[in-house]
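J.:
2 protein chains.
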Amino acid sequence: MTSTTGVTAPQGFRAAGTTAGLKASGKPDLALVVNDGPRHDAAVVLTSNRVQAAPVKWTRQALSDGRCDAVVLNSGGANACTGAPGFVDTHATAEAVADALGIGAADVAVCSTGLIGERLPMDKLLAGVTAAAVALDGSGAQGGADAATAIMTTDTVSKQAVAHGPAGADGQPGWSVGGMAKGAGMLAPGLATMLVVLTTDAVAEPSVLDAALRAATRVTFDRVDSDGCMSTNDTVLLLASGASGVEPGEDELREAVTAVCADLARQLVADAEGASHDIAVEVVGAATEDDAVTVARAVTRSNLFKAAIFGNDPNWGRVLAAVGTTDAAFDPDALDVSFNGVQVCRAGGVGDSRDGVDLSPREVRILVDLHAGPASATVWTNDLTHDYVHENSAYSS
Amino acid sequence: MTSTTGVTAPQGFRAAGTTAGLKASGKPDLALVVNDGPRHDAAVVLTSNRVQAAPVKWTRQALSDGRCDAVVLNSGGANACTGAPGFVDTHATAEAVADALGIGAADVAVCSTGLIGERLPMDKLLAGVTAAAVALDGSGAQGGADAATAIMTTDTVSKQAVAHGPAGADGQPGWSVGGMAKGAGMLAPGLATMLVVLTTDAVAEPSVLDAALRAATRVTFDRVDSDGCMSTNDTVLLLASGASGVEPGEDELREAVTAVCADLARQLVADAEGASHDIAVEVVGAATEDDAVTVARAVTRSNLFKAAIFGNDPNWGRVLAAVGTTDAAFDPDALDVSFNGVQVCRAGGVGDSRDGVDLSPREVRILVDLHAGPASATVWTNDLTHDYVHENSAYSS
Numbered sequence: 006m007t008s009t010t011g012v013t014a015p016q017g018f019r020a021a022g023t024t025a026g027l028k029a030s031g032k033p034d035l036a037l038v039v040n041d042g043p044r045h046d047a048a049v050v051l052t053s054n055r056v057q058a059a060p061v062k063w064t065r066q067a068l069s070d071g072r073c074d075a076v077v078l079n080s081g082g083a084n085a086c087t088g089a090p091g092f093v094d095t096h097a098t099a100e101a102v103a104d105a106l107g108i109g110a111a112d113v114a115v116c117s118t119g120l121i122g123e124r125l126p127m128d129k130l131l132a133g134v135t136a137a138a139v140a141l142d143g144s145g146a147q148g149g150a151d152a153a154t155a156i157m158t159t160d161t162v163s164k165q166a167v168a169h170g171p172a173g174a175d176g177q178p179g180w181s182v183g184g185m186a187k188g189a190g191m192l193a194p195g196l197a198t199m200l201v202v203l204t205t206d207a208v209a210e211p212s213v214l215d216a217a218l219r220a221a222t223r224v225t226f227d228r229v230d231s232d233g234c235m236s237t238n239d240t241v242l243l244l245a246s247g248a249s250g251v252e253p254g255e256d257e258l259r260e261a262v263t264a265v266c267a268d269l270a271r272q273l274v275a276d277a278e279g280a281s282h283d284i285a286v287e288v289v290g291a292a293t294e295d296d297a298v299t300v301a302r303a304v305t306r307s308n309l310f311k312a313a314i315f316g317n318d319p320n321w322g323r324v325l326a327a328v329g330t331t332d333a334a335f336d337p338d339a340l341d342v343s344f345n346g347v348q349v350c351r352a353g354g355v356g357d358s359r360d361g362v363d364l365s366p367r368e369v370r371i372l373v374d375l376h377a378g379p380a381s382a383t384v385w386t387n388d389l390t391h392d393y394v395h396e397n398s399a400y401s402s
Numbered sequence: 006m007t008s009t010t011g012v013t014a015p016q017g018f019r020a021a022g023t024t025a026g027l028k029a030s031g032k033p034d035l036a037l038v039v040n041d042g043p044r045h046d047a048a049v050v051l052t053s054n055r056v057q058a059a060p061v062k063w064t065r066q067a068l069s070d071g072r073c074d075a076v077v078l079n080s081g082g083a084n085a086c087t088g089a090p091g092f093v094d095t096h097a098t099a100e101a102v103a104d105a106l107g108i109g110a111a112d113v114a115v116c117s118t119g120l121i122g123e124r125l126p127m128d129k130l131l132a133g134v135t136a137a138a139v140a141l142d143g144s145g146a147q148g149g150a151d152a153a154t155a156i157m158t159t160d161t162v163s164k165q166a167v168a169h170g171p172a173g174a175d176g177q178p179g180w181s182v183g184g185m186a187k188g189a190g191m192l193a194p195g196l197a198t199m200l201v202v203l204t205t206d207a208v209a210e211p212s213v214l215d216a217a218l219r220a221a222t223r224v225t226f227d228r229v230d231s232d233g234c235m236s237t238n239d240t241v242l243l244l245a246s247g248a249s250g251v252e253p254g255e256d257e258l259r260e261a262v263t264a265v266c267a268d269l270a271r272q273l274v275a276d277a278e279g280a281s282h283d284i285a286v287e288v289v290g291a292a293t294e295d296d297a298v299t300v301a302r303a304v305t306r307s308n309l310f311k312a313a314i315f316g317n318d319p320n321w322g323r324v325l326a327a328v329g330t331t332d333a334a335f336d337p338d339a340l341d342v343s344f345n346g347v348q349v350c351r352a353g354g355v356g357d358s359r360d361g362v363d364l365s366p367r368e369v370r371i372l373v374d375l376h377a378g379p380a381s382a383t384v385w386t387n388d389l390t391h392d393y394v395h396e397n398s399a400y401s402s
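Order-wise, the sequence lines are chains A and B. If you use this note's numbering, the first sequence corresponds to residues 6 to 402, in order. If you use this note's numbering, the second sequence corresponds to residues 6 to 402, in order.
(1) Are the C-beta atoms of Thr-87(B) and some chain A residue less than 8 Å apart?
(2) Mapping the DSSP letters down to three states, classify Asn-397(A) as helix, strand or coil.
(3) Using the three-state DSSP reduction, which class does Trp-385(B) fall into: helix, strand or coil?
(4) Our contact map puts Lys-187(B) next to Gln-272(B) with C-beta atoms below 8 Å; I'd like the distance itself, whole angstroms only.
(5) Of all the beta strand (DSSP E) runs that stay within the bounds of the segment 327-368 of chain B, which reach a length of 3 or more residues?
(6) With respect to the beta strand (DSSP E) encompassing Thr-263(B), which residues constitute its N-terminal and C-terminal limits?
(7) With a threshold of 8 Å between beta-carbons, can Thr-98(B) be considered close to chain A, or not?
(8) If you measure from the beta carbon of Met-185(A) to each beta carbon in chain B, is any gap under 8 Å?
(9) Under 8 Å between C-beta atoms, does Cys-350(A) make it to chain B?
(10) Is the segment 250-264 of chain B in contact with the segment 202-217 of chain B, if contact means three or more CB pairs nearer than 8 Å?
(11) Between Ala-333(A), Leu-309(A), Asp-360(A), which has its C-alpha nearest Thr-299(A)'s C-alpha?
(12) Do three or more CB pairs link the segment 67-77 of chain A to the segment 240-257 of chain A at distances below 8 Å?
(13) Along chain A, which residues have their Cβ under 7 Å away from the Cβ of Arg-55(B)?
(14) Between which residues of its own chain and Asp-34(B) is the CB-CB distance below 7 Å, once the five residues before and five after are set aside?
(15) Taking 7 Å as the limit between beta carbons, can you name the residues of its chain near Thr-158(B), skipping five residues before and five after?
(16) Select from Gln-147(A), Val-93(A), Leu-130(A) the residue whose C-alpha is nearest the C-alpha of Thr-10(A).
(17) The alpha helix (DSSP H) spanning Asn-308(A) covers which residue range?
(18) For the segment 101-122 of chain A, which residues have a CB atom closer than 8 Å to at least one CB atom of chain B, in sequence order?
(19) So what does DSSP say about Met-185(B), is it helix, strand or coil?
(20) How many whole angstroms separate the CB atoms of Val-384(A) and Val-286(A), which I take to be in contact at a CB cut-off of 8 Å?
(21) Would you list, in sequence order, the uninterrupted beta strand (DSSP E) runs of no fewer than 3 residues that lie entirely inside the segment 35-83 of chain A?
(22) Does any CB atom of chain B fall closer than 8 Å to the CB of Leu-389(A)?
(23) Less than 8 Å between the CB atoms is what I'm expecting for Val-38(B) and Ala-168(B), so what's the real figure, rounded?
(24) Could you give the residue range of the beta strand (DSSP E) that holds Lys-164(B)?
(25) Going by beta carbon distance, what residues of the same chain come within less than 7 Å of Ile-314(B), once the five residues before and after it are set aside?
(26) Kindly list the residues whose CB is nearer than 7 Å to the CB of Asn-308(A), restricted to its own chain and excluding five residues on each side of it in sequence; keep chain order.
(27) Using Cβ-Cβ distances below 7 Å, what residues of the segment 355-381 of chain B are close to chain A?
(28) What does Val-394(B) reach in chain A if we use C-beta pairs closer than 8 Å?
(29) Residue range of the beta strand (DSSP E) that Leu-242(A) falls in?
(30) Taking all protein chains shown into account, decide if Pro-366(B) is buried (16 or more other Cβ within 10 angstroms of its Cβ) or exposed.
(31) Nearest to Arg-55(A) by CA position, among Ala-326(B), Asp-392(B), Gly-133(B), is which residue?
(32) Between Gly-71(A) and chain B, is there a C-beta pair that is closer than 8 Å?
(33) Since Val-102(B) and Thr-64(B) are thought to touch, with beta carbons under 8 Å apart, how far apart are those beta carbons, to the nearest angstrom?
(34) Using only the alpha-carbon positions, how far apart do Thr-222(B) and Asp-276(B) sit?
(35) Can you say whether Gly-183(A) is buried or exposed, counting buried as having 16 or more other CB atoms within 10 angstroms of its CB?
(36) List the endpoints of the continuous alpha helix (DSSP H) containing Arg-2(B).
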């Protein structure tokens with residue numbers, strides 16, 4: 006039995022989510038994802054922040070041989086900036102998972118999310134690992150959903166996705182990619198605190214998985230920039246069981262992994278802390294893709310622009326001011342900007358009437374044409390709202 | 006007669022502020038500052054934004070010969086992204102000032118601030134120039150204050166400052182530097198929309214003024230970063246009349262100019278849009294000054310950090326997460342962070358109790374020790390508040 010979505014959609018995976026008691030709210034806070042094989046190939050992309058949480062350091066080491074048998078994830082505490090004792094806690098967590106499942110601790114990835122600078126209550130966490138391991142058996146589709154729920158922090162909904170490879174000769178999907186994600190704040194390039202677990206029953210070597218994962222994150226999670234902040238704990242894992250017996254082409258695999266990442270990334274934007282608009286900043290006519298990303302990111306990082314969108318104000322001057330801070334190739338007098346299809350700025354000056362722009366829908370599309378070449382890119386962000394300020398000023402209190 | 010502060014404090018300057026009717030509010034919106042000599046040396050620092058307003062393009066040209074006889078400044082419209090017609094408007098403004106004062110238009114600097122992307126009502130503006138020129142005579146100390154008021158946008162108070170050179174043999178100050186500034190939002194490195202006029206009665210060649218001005222702005226206005234945004238209109242002018250007859254040493258002049266810039270910069274932070282805290286992020290123990298500035302700026306640009314300060318939350322994890330995004334030299338396990346004198350993070354981990362931190366005063370001091378060298382730098386910012394979001398979402402409506 007497989008579920009229709011999430012980490013247990015592909016064959017060869019079990020999952021569970023339980024309540025270990027790490028969160029004051031008493032909500033689920035511990036998840037397990039287990040790869041039952043027959044293969045255990047894996048790849049990971051980790052935060053590029055130089056201040057890295059203990060679980061990030063552990064998981065980098067654990068994944069260095071391209072093998073991963075299980076992932077344990079907790080919300081309710083990031084275990085970041087906790088020094089050597091924090092690393093010992095992560096190690097103990099991996100050992101507990103290994104003991105419960107009869108595998109090696111070095112094949113267990115660990116992910117944590119929550120407040121920085123506090124030790125985890127290890128008695129509760131280790132008891133939770135035992136409970137989660139028990140809950141695995143017979144968990145079926147529900148296990149994937151439970152795991153996706155247990156990793157939520159300020160997320161208001163859990164996030165799961167699935168993509169299927171081409172059908173086999175029998176008309177049945179030959180293999181699939183599933184995934185779950187959490188991360189409602191701190192989304193940023195170089196990834197976010199954002200934890201993502203992707204699974205596939207395709208047959209693929211670790212190097213192939215790594216290439217597919219890096220290609221996918223580069224154009225999905227790396228192009229979501231909710232508030233410009235980068236976490237100490239970002240982790241995106243891809244586990245392959247080989248249970249389908251199908252070895253897809255590298256392009257096919259990359260496309261399926263990218264589709265799941267794009268789906269999850271869009272869900273993250275839609276659930277960003279306190280946001281009232283999801284904003285796609287699409288830059289076209291760039292000399293290079295790097296230029297397009299640089300310009301789009303400059304716009305998505307402008308607090309003035311983001312506050313204007315919150316106020317349903319098509320303030321294109323703030324877009325131009327942000328574009329002008331970059332070193333991308335463009336002529337300031339050639340810039341065009343559209344808000345939801347209305348070209349309010351033409352050739353660097355006043356264009357069509359801003360009165361024609363309707364910013365009431367949640368999704369807003371900004372189009373910037375640099376008129377400098379053939380490249381393009383889209384970066385997603387959110388507006389800057391009263392609720393964002395409120396949630397992030399009250400987060401740790 | 007000289008005033009005790011502002012642009013008319015040094016000898017040889019007159020100023021005026023009038024209401025041309027550019028602002029819907031009917032508040033003063035046009036200012037003139039005139040250098041009556043005997044010398045007319047000058048220097049300017051302009052925005053590094055590549056999208057530059059018409060007055061910025063004009064003023065760069067006008068100041069290229071190191072001479073400036075008068076400055077006209079308007080609030081109520083930035084004249085940015087207005088194309089060739091906008092440049093014609095700026096030119097016409099300079100011509101009107103030149104006609105009224107009997108000087109050359111090429112010796113008139115023009116500064117504008119307000120909404121981007123709208124033409125100025127030139128009939129009102131030119132009539133305002135005539136009125137301001139009339140108001141100059143006998144304006145004395147009040148003229149400087151009126152000019153400082155007329156350049157305000159969302160500023161709640163006008164900003165003026167003065168510094169005196171060493172006393173002469175007669176015990177009287179031999180020369181002085183005065184100044185005025187506006188700019189309550191969009192403060193950022195590379196300057197802000199922020200218009201600043203500095204005056205001095207010292208004798209100094211344009212090259213000396215330029216060196217003093219660049220040295221001063223580098224460690225003052227360039228280290229104020231209210232919201233990470235950079236304007237299309239930033240201008241800092243320094244005009245020297247030579248009326249004191251004293252030629253100070255280059256160090257003396259630089260120190261006095263820096264003192265006035267530092268005073269004005271601090272006033273800008275104190276009046277930033279919607280802010281409830283002024284935050285000094287001081288980085289010490291850096292390998293280089295560039296490293297110190299890079300780290301301090303990363304912290305001042307973290308929306309999560311700024312929102313935490315709004316909530317009186319000494320969330321040092323967000324400081325570390327911001328530090329970790331930089332390429333400065335440091336060991337993550339050696340970082341120390343203090344909030345208002347309490348060392349809440351020691352050696353990259355938990356330090357003294359955050360309960361001991363009092364963030365209720367408006368001024369907050371964050372100290373980050375990188376333990377990587379002898380260099381240091383301080384960057385000022387503000388917290389991220391409900392009022393910031395409100396003011397900037399409603400700005401153009």
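The beta-carbon is built from N, C-alpha and C at its ideal position, and this holds for glycine as well.
T.: In this structure, then:
(1) In the second sequence, counting from the first residue as 1, residue 87(B) sits at position 82. Interface residue, yes.
(2) Residue numbering aside, residue 397(A) sits at position 392 when the first sequence is read from its first letter. Note: Asn-397(A) maps to helix in three-state DSSP.
(3) Counting from 1 along the second sequence, the entry for residue 385(B) is found at position 380. In this structure, Trp-385(B) counts as strand in the three-state DSSP scheme.
(4) Reading the second sequence from its first residue, position 182 is the one you call residue 187(B). Reading the second sequence from its first residue, position 267 is the one you call residue 272(B). 10 Å between Cβ atoms; not a contact.
(5) 341-344, 347-351
(6) Taking the first residue of the second sequence as 1, we reach residue 263(B) at position 258. Where Thr-263(B) is concerned, there is no enclosing beta strand (DSSP E), although the alpha helix (DSSP H) it sits in stretches over 255-275.
(7) Taking the second sequence and counting its residues from 1, one reaches residue 98(B) at position 93. For Thr-98(B), the answer is no, since every Cβ of chain A falls outside 8 Å of its Cβ.
(8) Residue numbering aside, residue 185(A) sits at position 180 when the first sequence is read from its first letter. Cβ-Cβ to chain B under 8 Å: no for Met-185(A).
(9) Residue 350(A) sits at position 345 when you count from the first residue of the first sequence. Yes, contact with chain B.
(10) yes
(11) Residue numbering aside, residue 299(A) sits at position 294 when the first sequence is read from its first letter. Checked all of Ala-333(A), Leu-309(A), Asp-360(A); the closest Cα to Thr-299(A) is Ala-333(A).
(12) yes
(13) Locating residue 55(B) in the second sequence gives position 50, counting from the first residue. Simply Gly-329, Pro-337.
(14) Within the second sequence, numbered from 1, the residue matching residue 34(B) stands at position 29. Closer than 7 Å at the Cβ level, and outside the excluded window around Asp-34(B), lie Thr-24, Ala-25, Leu-27, Lys-28, Asn-79, Ser-80, Gly-81, Ala-155.
(15) For the purposes of this step, residue 158(B) is identified with residue 153 of the second sequence, where counting begins at 1. Counting only Cβ-Cβ distances below 7 Å, and skipping sequence neighbours, we find Ser-80, Thr-118, Gly-119, Lys-187, Ala-189.
(16) Taking the first residue of the first sequence as position 1, residue 10(A) is located at position 5. Here the closest residue by C-alpha is Gln-147(A).
(17) In the first sequence, the residue the question calls residue 308(A) occupies position 303. That run of the alpha helix (DSSP H) goes 308-315.
(18) Leu-120, Ile-121, Gly-122
(19) Within the second sequence, residue 185(B) is the residue found at index 180, counting from 1. In the structure shown, Met-185(B) sits in a strand (DSSP, three-state: E or B).
(20) Here residue 384(A) refers to the residue found at position 379 of the first sequence. Here residue 286(A) refers to the residue found at position 281 of the first sequence. Indeed, because the Cβ distance is near 5 Å, the residues count as touching under 8 Å.
(21) 35-40, 46-51, 75-79
(22) Reading the first sequence from its first residue, position 384 is the one you call residue 389(A). It does: the Cβ of Leu-389(A) has a partner Cβ on chain B nearer than 8 Å.
(23) Working through the second sequence from its first residue, we reach residue 38(B) at position 33. Working through the second sequence from its first residue, we reach residue 168(B) at position 163. No, Val-38(B) and Ala-168(B) are not in contact; Cβ-Cβ is about 17 Å, not under 8 Å.
(24) Here the question's residue 164(B) lines up with position 159 in the second sequence. Looking at the DSSP string, the run of the beta strand (DSSP E) that includes Lys-164(B) is 164-169.
(25) What you label residue 314(B) is simply residue 309 of the second sequence in a count that begins at 1. Correct list, in chain order: His-282, Ile-284, Leu-364, Val-369, Asp-388.
(26) Mapped onto the first sequence, residue 308(A) falls at position 303. Excluding positions up to five away in sequence, the list reads Leu-389.
(27) Val-355
(28) Position 389 of the second sequence, counted from the first residue, corresponds to residue 394(B). Under the 8 Å cutoff, chain A gives Ala-312, Phe-315, Leu-389, Thr-390, His-391, Tyr-393, Val-394.
(29) The count along the first sequence starts at 1 and reaches residue 242(A) at position 237. It spans 240-245 - the beta strand (DSSP E) in which Leu-242(A) sits, taken as one unbroken run.
(30) What you label residue 366(B) is simply residue 361 of the second sequence in a count that begins at 1. That one is exposed.
(31) Position 50 of the first sequence, counted from the start, is the residue given in the question as residue 55(A). Closest option to Arg-55(A), Cα to Cα, is Ala-326(B).
(32) On the first sequence, position 66 is the one that residue 71(A) refers to. So no, Gly-71(A) is outside the interface.
(33) Within the second sequence, residue 102(B) is the residue found at index 97, counting from 1. Within the second sequence, residue 64(B) is the residue found at index 59, counting from 1. The Cβ separation is near 12 Å, so there is no contact.
(34) Working through the second sequence from its first residue, we reach residue 222(B) at position 217. Working through the second sequence from its first residue, we reach residue 276(B) at position 271. Their Cα atoms are separated by approximately 19 Å.
(35) What you label residue 183(A) is simply residue 178 of the first sequence in a count that begins at 1. The residue in question, Gly-183(A), is buried, as its Cβ has 16 or more Cβ neighbours within 10 Å.
(36) With chain B covering 6 to 402 only, the question about residue 2(B) has no answer from this structure.
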